[in-house]
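Engineer: Starting off with a structure, shown below.
This is how it looks when you write it as structure tokens:
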């Protein structure tokens, strides 16, 4: 199936939409007009009816999340946009911010109308400083044009957005860690409940959504929730951006209607396939924190339920593709090093467990493994880490390794005995 | 960097936050812009400007990868080594750069010009293997020769007026 550029309006338009004039020429801010014509409750109901699910990774229904916010608490209601895009293999939000920043700003404004919010925050990762500058300029332009400020929502209702820069910490993409960081604390996850909808930023009701989720709202409001919910499967309708990387010839972002494209089409038709003679060995379809799947699962349709059906998750849509030139244990070791580095250290099973995963996989790869003993130790570790921590980072560290061990037991056994020298990487290939 | 300079920087944004604690991170990033890292005196200035203890400010500074509490080079070369970049040759890029800079792995060159660092995913896997100079644009896909050209170009450039790490 072809691509469907709804969030990526700039692709439909054929050029980056980094000025307000261009964005409006491309149909920008029509969605806000339609939203403001509705009561806040009706706008909220439209989110719900669209079937839009959170695009950051968890996939929770957006409208339901927004409906959890208590009303008339006498305290401010905040919206926080999670632009901390740090999941390995994920770079979809970067393109929204770089080339279509006003759609995010419009989406936030629509959400502000629905939940009654006067100030939103965009928390952007420190490594996206170049992208933050694009947003700075867009926010200033929106303010100058009155799209943000004292009358942004009409009838004298104010709304503004603060851009807040992180400073390098994967964990700050976890929503409660993000709130801690935004509150000027170390970015360590909170115990839930209470959930951010009830006690979020500064203890106030807070709606937290990913960049792509919020940027989905303008077309939903303009073309109607029924248009959106009619696309794709009933339980997970709409479009989703997949970031494809690794051993493919055309790495990049591809926005498709959920359920209409298979993983095989994404990899081979859109992302250009592999080098001649190579086969798909392993795919992490939803960022590095999801279970890995093999060549046998390539015909799975890309939607939440179908991917669950083959034992993995849609996650963030960061699809990492590995061909048969690379060793699965080396790949797992590299990911384990990532999670060890990024564990915030608050929960013991994660702080210690991610270290052990990295150590054991490291010695296996280096040829210093202890054979079957190391495999047994890995297997015993999984259950001591998973499900025993405040946030999902630890589960994300375990799932790719556990699934890889199930999928490639012989290779793990071999590497545990003999090590795994690095193969020649894929370099200097043309990138389309 | 004085507490007064930091206060002046924070003044226009104070009203945006219900709790002044939120100002610590912007203040640290601003202070780091001066010398490219955070000497103890700068963290003390941030503490004074924001009204929190120096120990607390230091606990924040040490949490984040891109806040440096030890001196680093004039430019920090951040080579992404996470999975997507590894599959496309990030280790070769890193080794080549270390070799070219005369470093044994991560570290700072003797002339204080460059710090070479392995970093986790910088969100540019479509440009793998990629790197980032300080917090600049993500650059890639690279071949080893591109990486060394980049270093040569940087060597010719004056120190940035303000560091953006």
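Chains as they are written, first to last, in this note's numbering: chain B, 21 to 452; chain D, 244 to 408. Note that CB positions come from ideal geometry on N, CA and C, so glycine has one too.
1) Label residue 398 (chain D) either buried or exposed according to how many other C-beta atoms from any shown protein chain fall within 10 Å of its C-beta, with 16 as the threshold for buried.
2) Could you give the residue range of the beta strand (DSSP E) that holds residue 39 (chain B)?
3) Among B:432, B:256, B:92, B:45, whose alpha-carbon lies nearest the alpha-carbon of residue 333 (chain B)?
4) Report back the beta-carbon spacing between residue 259 (chain D) and residue 182 (chain B) to the nearest angstrom; my notes put them in contact at under 8 Å.
5) Counting only beta-carbon atoms, is residue 306 (chain D) nearer than 8 Å to chain B?
6) What does residue 304 (chain B) pair with, by DSSP beta-bridge criteria?
7) With 7 Å as the limit, tell me which residues of the segment 184–195 of chain B have their beta carbon closer than that to any beta carbon of chain D; keep them in chain order.
8) In the structure shown, what three-state DSSP assignment does residue 393 (chain B) receive?
9) With respect to the alpha helix (DSSP H) encompassing residue 101 (chain B), which residues constitute its N-terminal and C-terminal limits?
10) Just grab the DSSP bridge partners of residue 321 (chain D) for me.
11) On a Cα-Cα basis, can you pick out the residue from B:300, B:210, B:228, B:55 that is closest to residue 268 (chain B)?
12) Reducing DSSP to helix, strand and coil, say where residue 349 (chain B) ends up.
13) If you measure from the beta carbon of residue 340 (chain B) to each beta carbon in chain D, is any gap under 8 Å?
14) Kindly say whether residue 310 (chain D), judged by its beta-carbon, lies nearer than 8 Å to any beta-carbon of chain B.
15) Could you tell me whether the Cβ of residue 110 (chain B) comes closer than 8 Å to any Cβ of chain D?
16) State the beta-bridge partners of residue 381 (chain D) as determined by DSSP.
17) From this set, D:328, D:271, D:314, which residue's C-alpha is nearest residue 358 (chain D)'s C-alpha?
18) According to DSSP, which residues form a beta bridge with residue 73 (chain B)?
19) So what's residue 255 (chain B) in DSSP terms, helix, strand or just coil?
20) By DSSP's criteria, residue 112 (chain B) is part of a beta bridge. Which residues make up the other side?
21) Identify every residue that forms a DSSP beta bridge with residue 270 (chain B).
22) For residue 260 (chain B), count the other beta carbons within 10 Å of its own beta carbon; 16 or more makes it buried, fewer makes it exposed. Which is it?
23) Can you tell me which of B:63, B:76, B:89, B:432 puts its alpha carbon nearest to the alpha carbon of residue 215 (chain B)?
24) Is the shortest distance between the beta-carbon of residue 265 (chain D) and the beta-carbons of chain B less than 8 Å?
25) Measure from the C-beta of residue 253 (chain B) to each C-beta in chain D and report whether the shortest distance is under 8 Å.
26) I want to see whether chain D comes within less than 8 Å of residue 446 (chain B), judged by CB atoms only; does it?
27) Count the other CB atoms, across all protein chains shown, that sit within 10 Å of the CB of residue 59 (chain B); report buried if there are 16 or more and exposed otherwise.
28) Closer than 9 Å between beta carbons: that is the criterion. Which residues of the segment 282–294 of chain B meet it against chain D?
29) Could you name the residues of the segment 328–360 of chain D whose beta carbon sits closer than 9 Å to any beta carbon of chain B, in the order they occur along the chain?
30) Using the Cα positions of residue 102 (chain B) and residue 438 (chain B), report the straight-line distance between them to the nearest angstrom.
31) What residue range does the alpha helix (DSSP H) around residue 219 (chain B) cover?
32) If you drop the 5 nearest sequence neighbours on each side, which residues of the same chain put their C-beta closer than 6 Å to that of residue 374 (chain B)?
33) Do residue 423 (chain B) and residue 414 (chain B) have their C-beta atoms within less than 8 Å of each other?
34) Figure out for me which residue from D:363, D:378, D:370 has the closest Cα to the Cα of residue 146 (chain B).
35) May I ask you to report which of helix, strand or coil DSSP gives residue 262 (chain B)?
36) Looking only at its own chain, which residues have a Cβ that is under 6 Å from the Cβ of residue 325 (chain D), when we skip the five neighbours before and after it?
Structural biologist: Let me lay it out:
1) With fewer than 16 other Cβ atoms within 10 Å, it is exposed.
2) In the DSSP assignment, residue 39 (chain B) falls outside any beta strand (DSSP E), carrying neither H nor E.
3) B:256
4) For a cut-off of 8 Å, the C-beta gap from residue 259 (chain D) to residue 182 (chain B) is around 5 Å, short enough to register as a contact.
5) Residue 306 (chain D) has a beta carbon lying within less than 8 Å of a beta carbon in chain B.
6) According to DSSP, which records beta bridges pairwise, residue 304 (chain B) is partnered with B:340.
7) 185, 187, 188, 189, 190
8) helix
9) Segment 98–103 is the beta strand (DSSP E) holding residue 101 (chain B); no alpha helix (DSSP H) there.
10) Its beta-bridge partners are D:360, D:375.
11) B:300
12) helix
13) Proximity of residue 340 (chain B) to chain D, defined by a Cβ-Cβ separation below 8 Å, is satisfied.
14) yes
15) yes
16) D:375
17) D:314
18) Answer is B:81.
19) Reduced to three states, the DSSP call for residue 255 (chain B) is coil.
20) DSSP lists no partner for residue 112 (chain B).
21) DSSP, once it has assigned bridges, lists no residue as partnering residue 270 (chain B).
22) buried
23) B:89
24) yes
25) It does not; no Cβ of chain D falls within 8 Å.
26) yes
27) exposed
28) none
29) Cβ contacts with chain B: 328, 329, 330, 331, 332, 333, 334, 335, 336.
30) 43 Å
31) Residue 219 (chain B) -> no alpha helix (DSSP H), and no H or E assigned at all.
32) 359, 360, 363, 417
33) no
34) D:378
35) strand
36) 363, 364
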